[in-house]
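So the structure is just underneath, and the comments pick up after that.
There are 2 protein chains.
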Amino acid sequence: MSNSNSANAKVRLFVEHPLQALQTIPLTEAQSHYLFSVMRMGEGAPVLLFNGVDGEWLATVETAHKKRGALACVEQTRPLHLPPDLWLMFAPLKKARTDFIVEKAAEMGAARIVPVQTDFTNADRIRQDRLQAHALEAAEQCGGTFVPEVSELMRLDKLLEGWDASRRILFCDEDLVGQGRWLDQQGAGRDTGPWAILIGPEGGFSAAERKRLHALPFAHPVSLGPRILRADTAAVAALTLWQNALGDWT
Amino acid sequence: MSNSNSANAKVRLFVEHPLQALQTIPLTEAQSHYLFSVMRMGEGAPVLLFNGVDGEWLATVETAHKKRGALACVEQTRPLHLPPDLWLMFAPLKKARTDFIVEKAAEMGAARIVPVQTDFTNADRIRQDRLQAHALEAAEQCGGTFVPEVSELMRLDKLLEGWDASRRILFCDEDLVGQGRWLDQQGAGRDTGPWAILIGPEGGFSAAERKRLHALPFAHPVSLGPRILRADTAAVAALTLWQNALGDWT
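Chains H and R, in that order, give the protein sequences. Per numbering that gives the first Met the number 0, the first sequence runs over residues 0 to 249. Per numbering that gives the first Met the number 0, the second sequence runs over residues 0 to 249.
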């Protein structure tokens with residue numbers, strides 16, 4: 000199958016099925032509806048697939064049934080690319096911005112997305128299934144071969160109690176606005192081991208939280224410039240700095 | 000007036016009026032409605048003001064009239080902070096994401112926001128007034144003392160014809176995904192003169208545009224990691240890299 004066929008594929012789908020040559024991939028009803036009713040694909044049309052394990056594969060439409068379609072797996076087009084061991088922890092905001100943070104975390108290559116409840120977080124629950132679906136859709140769009148897991152909402156204090164100290168935390172401290180810079184120069188800035196980025200809520204961290212974070216030997220405050228960033232902007236900015244210094248952008 | 004009064008201010012407003020001690024600041028009808036009907040502020044309540052020239056000032060409510068209110072300017076709370084001479088040029092997307100890019104550009108400290116029409120841009124017009132209002136609102140929210148100007152939509156080819164070669168262009172080339180890195184190591188990566196970041200549309204630049212950009216001696220391609228970023232994510236990521244290396248985050 001030619002590369003042009005792979006490049007012509009207009010759809011990328013995540014499937015929960017092994018991907019290997021000659022494999023038939025059954026589609027869910029939602030996927031069948033999308034491919035054959037919305038996109039009006041016919042038999043033989045190319046589709047790109049990934050399952051989080053086997054990389055990206057080119058497949059072609061085998062059965063264009065609007066409820067129970069199937070694809071035929073042709074050949075691997077990209078190997079599996081796992082993101083670095085980086086978590087994005089954030090305090091949920093209003094719905095649209097929470098969705099946005101999850102989408103951006105997946106695009107930017109976070110391995111795990113952890114919504115946390117802080118002292119100033121208004122949300123006391125999240126729709127984990129909806130956020131997970133957002134992460135999946137973002138992975139489909141951005142050409143990733145991996146879908147980050149979205150955790151259930153956890154309380155920040157509980158999370159820190161059981162924290163594995165080998166995972167460093169990069170936290171964005173609004174009180175550092177305009178001071179200091181990203182930690183290139185520090186020893187931690189060369190540690191490519193596990194990390195977690197922690198973004199506070201719109202109101203920032205509470206005094207107690209800030210005190211606790213600053214006292215943790217594995218937690219590193221970072222300033223994101225002289226303006227106050229919204230939490231969603233801060234998430235993308237912190238992921239950028241981290242990926243560029245320590246992650247898979249290098 | 001105490002600092003606590005300044006910290007207690009729940010509202011920041013952009014006003015088109017000189018700011019100096021003892022000055023009375025007339026409010027527009029929209030601002031009066033917001034402060035006195037929506038926020039229900041009373042006389043003496045603190046408000047922070049900026050006008051893009053005089054820094055940030057603490058003011059208090061002098062006349063709580065729901066249509067024609069006025070504030071009394073008290074004291075400067077922050078000096079004027081102009082962003083670096085950085086433009087963000089981007090191809091307009093669907094409405095929500097275009098709004099988002101303008102908001103992010105203002106938060107991230109772009110001095111000017113330039114919507115450009117590329118070969119693969121669907122939009123053939125923008126609502127400049129609406130985008131300018133978004134930039135203003137973002138500046139109010141992020142604590143900035145400056146509002147970037149949003150230009151009218153311009154064709155990329157026309158813009159490049161008249162380009163001042165002393166302004167370097169950083170353009171995000173999707174074909175470099177997974178290759179190379181930000182230009183720390185290059186000479187241009189230390190040039191703190193004028194710059195413009197150029198983000199292409201969702202479909203990327205056309206072959207002709209890419210060829211032209213690569214041939215410009217003042218244009219520098221950058222890779223934003225191994226995943227394909229949406230244009231709005233790419234804008235925040237590119238602004239982050241630039242601000243961190245050359246801008247006012249250092």
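The C-beta atom is built at its ideal place from N, Cα and C for all residues, glycine as well.
Check, Outcome
"I want to know whether the stretch 75–83 of chain R touches the stretch 198–214 of chain R - three or more CB-CB distances under 8 Å.", "no"
"Enumerate in chain order the residues of its own chain whose CB-to-CB distance from Ala-234 of chain R is below 7 Å, with the five nearest sequence positions on each side excluded.", "Leu-87, Phe-89, Ile-100, Lys-103, Ala-104 and Ile-198"
"By the 9 Å beta-carbon criterion, what residues does the stretch 95–106 of chain H contribute toward chain R?", "Ala-95, Phe-99, Glu-102, Lys-103, Ala-105 and Glu-106"
"Measure the alpha-carbon distance for Leu-159 of chain H versus Gly-202 of chain H and round it to whole angstroms.", "20 Å"
"Please compile the residues from chain H whose C-beta is within a distance smaller than 7 Å of the C-beta of Gln-242 of chain R.", "Gly-224"
"Kindly list the residues whose CB is nearer than 8 Å to the CB of Asp-190 of chain R, restricted to its own chain and excluding five residues on each side of it in sequence; keep chain order.", "Arg-167 and Leu-245"
"Report yes or no: do the stretch 215–233 of chain H and the stretch 212–231 of chain R share at least 3 C-beta pairs separated by less than 8 Å?", "no"
"CA-CA distance, Thr-232 of chain H and Glu-55 of chain H?", "30 Å"
"Could you confirm whether any beta carbon from chain R is found closer than 8 Å to the beta carbon of Arg-229 of chain H?", "yes"
"In the DSSP output, which residue or residues are listed as bridge partners for Ala-214 of chain H?", "Bridge partners of Ala-214 of chain H: none, in fact."
"For a contact defined as C-beta to C-beta under 8 Å, what are the partners of Asp-247 of chain H on chain R?", "Gly-224 and Pro-225"
"Over what stretch of residues does the beta strand (DSSP E) that includes Ala-71 of chain H continue unbroken?", "69–77"
"Would you mind working out which of H:Arg-129, H:Glu-173, H:Ala-164 and H:Glu-136 sits nearest Leu-152 of chain H, comparing C-alpha positions?", "H:Arg-129"
"Using beta carbons (cut-off 8 Å, strictly below), is Ala-236 of chain R in contact with chain H?", "yes"
"Under the rule that 16 or more other beta-carbon atoms within 10 Å means buried, what is Val-60 of chain H, buried or exposed?", "buried"
"Hey, does Thr-76 of chain H have any beta-carbon neighbour from chain R nearer than 8 Å?", "no"
"Just checking my contact of His-32 of chain H with Lys-65 of chain H at CB under 8 Å: how many whole Å lie between their CB atoms?", "6 Å"
"Taking the C-alpha atoms as reference points, what is the distance between Ala-237 of chain H and Pro-147 of chain R?", "23 Å"
"Once you ignore the five residues that flank Asp-84 of chain R on each side, which residues in its own chain have a CB closer than 6 Å to its CB?", "Ala-110 and Pro-193"
"Looking at C-alpha atoms only, which residue of R:Val-52, R:Val-37, R:Lys-93 and R:Arg-39 is the closest neighbour of Leu-18 of chain R?", "R:Val-52"
"Which partner residues does Leu-169 of chain R have in the DSSP bridge list?", "R:Ile-196 and R:His-219"
"Assign Thr-62 of chain H to one of three DSSP states: helix, strand, or coil.", "strand"
"Name the two residues that bound the continuous beta strand (DSSP E) containing Ile-24 of chain H.", "23–25"
"Compare the Cα-Cα distances from Ala-71 of chain H to each of H:Gly-108, H:Lys-94, H:Arg-126 and H:Thr-23 and report the closest residue.", "H:Thr-23"
"So Leu-47 of chain H is in the beta strand (DSSP E); what residue range does that whole segment cover?", "45–49"
"So, for Gly-43 of chain R: in the same chain, excluding its five sequence neighbours on each side, which residues have a beta-carbon less than 8 Å away from its beta-carbon?", "Thr-59 and Val-60"
"Tell me the rounded alpha-carbon separation between Val-73 of chain R and Glu-173 of chain H.", "26 Å"
"Taking Glu-139 of chain R and Leu-12 of chain R to be in contact with their CB atoms under 8 Å, please state how far apart those CB atoms are, rounded to whole angstroms.", "6 Å"
"Between Cys-141 of chain R and chain H, is the shortest Cβ-Cβ distance under 8 Å, so that the two count as touching?", "yes"
"Please list the segments of the beta strand (DSSP E) lying wholly inside the stretch 96–149 of chain H, counting only runs of 3 or more residues, in order along the chain.", "111–116"
"Could you compute how far the alpha carbon of Leu-92 of chain H sits from the alpha carbon of Ile-227 of chain H?", "16 Å"
"Can you give me the C-alpha to C-alpha distance between His-133 of chain R and Leu-34 of chain H, rounded to a whole angstrom?", "37 Å"
"Check distances from the C-beta atoms of the stretch 105–121 of chain H to those of chain R and list, in chain order, the residues that come in under 8 Å.", "Glu-106, Met-107 and Gly-108"
"State the DSSP-derived secondary structure class of Met-56 of chain R, mapped to helix, strand or coil.", "With the sequence shown as reference, residue 56 of chain R is identified as Trp, and Met is not the correct amino acid for it. Strand at Trp-56 of chain R."
"Out of R:Met-107, R:Asp-118 and R:Pro-200, state which residue places its alpha-carbon closest to the alpha-carbon of Lys-157 of chain R.", "R:Asp-118"
"Counting only Cβ pairs nearer than 9 Å, list the residues of chain H close to His-219 of chain R.", "Chain H residues near His-219 of chain R: none, gap ~16 Å exceeds 9 Å."
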